[in-house]
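Everything below concerns the one structure shown next.
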Amino acid sequence: MQFSIIVPTFKNYKYLKTSINSIKKNSKFNHEIIVHINGDDIETERYIKNSNIIYTKTNTNVGLCSGVNLATKKSSKDFIVYAHDDMYFCPKWDLYLIEEIKTLSHKKFYLSSTQISPIKTLPGSMINHIRFDCGEIIENFNEQKLLENYNNLEFYDLQGSHWAPHVISRDLWLDIGGFSEEFNPGFGSDPDLNMKLWRRGVRIFKGVSKSRVYHFGSQTTRKNKEILRNNANKTFLLKWGITIEFFVKFYLYRGFKYTKPLNEFKLTSRNIVPMFFCKIKLFLAKLLNRI
162 MQFSIIVPTF
172 KNYKYLKTSI
182 NSIKKNSKFN
192 HEIIVHINGD
202 DIETERYIKN
212 SNIIYTKTNT
222 NVGLCSGVNL
232 ATKKSSKDFI
242 VYAHDDMYFC
252 PKWDLYLIEE
262 IKTLSHKKFY
272 LSSTQISPIK
282 TLPGSMINHI
292 RFDCGEIIEN
302 FNEQKLLENY
312 NNLEFYDLQG
322 SHWAPHVISR
332 DLWLDIGGFS
342 EEFNPGFGSD
352 PDLNMKLWRR
362 GVRIFKGVSK
372 SRVYHFGSQT
382 TRKNKEILRN
392 NANKTFLLKW
402 GITIEFFVKF
412 YLYRGFKYTK
422 PLNEFKLTSR
432 NIVPMFFCKI
442 KLFLAKLLNR
452 I
């Protein structure tokens with residue numbers, strides 16, 4: 162079993178090179194890597210060409226969602242992995258995801274690796290991850306420390322997953338149309354993707370503990386100032402009628418220990434008041450859109 166690993170990048174050569182090297186060195190299988198280069202980046206493009214890696218490119222930064230969608234059109238494998246360009250893939254990360262896939266009799270799943278990070282709270286994560294400091298930036302990254310310890314750090318299979326790197330079937334990806342480009346440059350695209358999968362009947366949203374990546378903490382996202390202006394919460398609310406927070410908490414139960422596939426969503430005494438506030442926010446958002 163092989164993956165098409167899609168990596169969008171934006172002027173992040175040093176991290177991207179480390180990430181791709183880790184995929185090549187630490188993967189159990191020989192996967193297809195496809196990079197999307199956002200904007201002019203001579204250093205990155207030269208490296209990608211010299212490494213014989215498939216890539217797409219746009220002259221401007223079209224955003225994470227559009228970049229990933231473009232790159233995925235060149236994919237040829239049955240499973241799509243989306244990853245950040247500042248992730249170091251730990252040994253056998255792919256084997257554990259593949260073993261999980263083989264336990265299932267269908268393709269209606271959304272699986273992710275588990276993130277290790279030196280940062281207390283990752284941007285947009287809303288959940289805990291494994292906190293273990295092997296360097297916050299590439300210049301002080303301690304690869305040896307990570308490789309000696311990553312497998313012994315205690316964690317658990319996670320309900321709701323860690324967003325990225327995630328794996329879904331190519332059939333599902335095509336069915337939902339990939340990332341929704343109204344969420345460019347990227348913030349909010351993961352919960353939107355999850356909601357589209359939910360609407361297609363997916364109830365397995367699982368972070369696989371044994372499959373691990375070290376995440377420096379959205380280096381590309383941090384320097385992309387547009388991320389602050391895409392108003393993802395409002396976009397999600399107007400599109401789906403609930404907030405991202407409500408979806409993550411009461412649909413996905415994100416952050417709890419994984420025990421089984423999710424049940425259908427039902428209004429309960431626990432979520433009826435938050436749902437009421439969602440409807441108020443939706444009414445106000447629609448009202449302000451008309452003004």
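Numbering (my numbering), first residue to last: 162 to 452. Just so it is clear, CB atoms sit at the ideal spot from N, CA and C, and this is done for glycine as well. Values in this document were obtained by computation on a predicted structure and should not be read as measured data.
| Query | Result |
| --- | --- |
| Length of the line joining the Cα atoms of residue 337 and residue 354 | 8 Å |
| Nonlocal neighbours in the same chain, by C-beta distance under 6 Å from residue 358, ignoring five residues either side | 271 |
| Rounded separation between residue 310 and residue 251 - CA only | 11 Å |
| Outcome for residue 434 when other beta-carbon atoms lying within 10 angstroms are tallied against a minimum of 16 | exposed |
| Entirely enclosed beta strand (DSSP E) segments - the stretch 251-307, minimum 3 residues | 270-278 |
| Runs of alpha helix (DSSP H) lying entirely within the stretch 304-357, each at least 4 residues, in chain order | 304-310, 331-337 |
| Own chain, CB closer than 7 Å to residue 398, minus 5 neighbours either side, in chain order | 404, 442, 443, 446 |
| Nearest-angstrom Cα separation, counted from residue 340 out to residue 267 | 22 Å |
| Residues that DSSP places opposite residue 248 in a beta bridge | 376 |
| Residue 229 in three-state terms, based on DSSP | helix |
| Residues bridged to residue 169 (per DSSP) | 197 |
| Simplified DSSP state of residue 366, which is helix, strand or coil | strand |
| Sequence-distant residues of its chain with Cβ nearer than 6 Å to residue 457 (five each side left out) | Summary: the structure shown does not reach residue 457, with the chain confined to residues 162 through 452, and so no result is reported for it. |
| Candidates 448, 351, 289, of which the one nearest residue 225 by Cα | 351 |
| Residue 388 versus residue 417 - alpha carbon distance | Interpretation of residue 388 is limited by its pLDDT of 48, a score under 50 that renders its predicted location unreliable; the figure taken from the coordinates is listed afterwards. Whole-angstrom Cα-Cα distance: 28 Å. |
| Option nearest residue 256 by Cα separation, candidates 223, 412, 370, 243 | 370 |
| Short Cβ contact (8 Å threshold) for residue 167 with residue 195 | yes |
| Identity of the residue in 247, 229, 330, 363 nearest residue 346 by Cα | 229 |
| Sufficient close CB pairs (3 or more, under 8 Å) joining the stretch 207-221 to the stretch 229-245 | yes |
| Local conformation of residue 396 per DSSP, three classes | helix |
| Neighbourhood of residue 401 by C-beta distance below 6 Å, restricted to the same chain and skipping five residues each side | 356 |
| Straight-line gap, residue 249 to residue 424 (C-alpha atoms, nearest Å) | 33 Å |
| Straight-line gap, residue 363 to residue 406 (C-alpha atoms, nearest Å) | 19 Å |
| CB-CB length for residue 330 against residue 239, believed under 8 Å | 6 Å |
| Burial state of residue 220 (16 or more Cβ within 10 Å) | exposed |
| Alpha helix (DSSP H) segment containing residue 221, residue limits | That residue, residue 221, is in no alpha helix (DSSP H); it is neither H nor E in DSSP. |
| DSSP beta-bridge partners of residue 241 | 165, 329 |
| Helix, strand or coil at residue 175 according to DSSP, with G and I counted as helix | helix |
| Enclosing alpha helix (DSSP H) for residue 204 [first to last residue] | 203-211 |
| Alpha helix (DSSP H) segment containing residue 434, residue limits | 433-451 |
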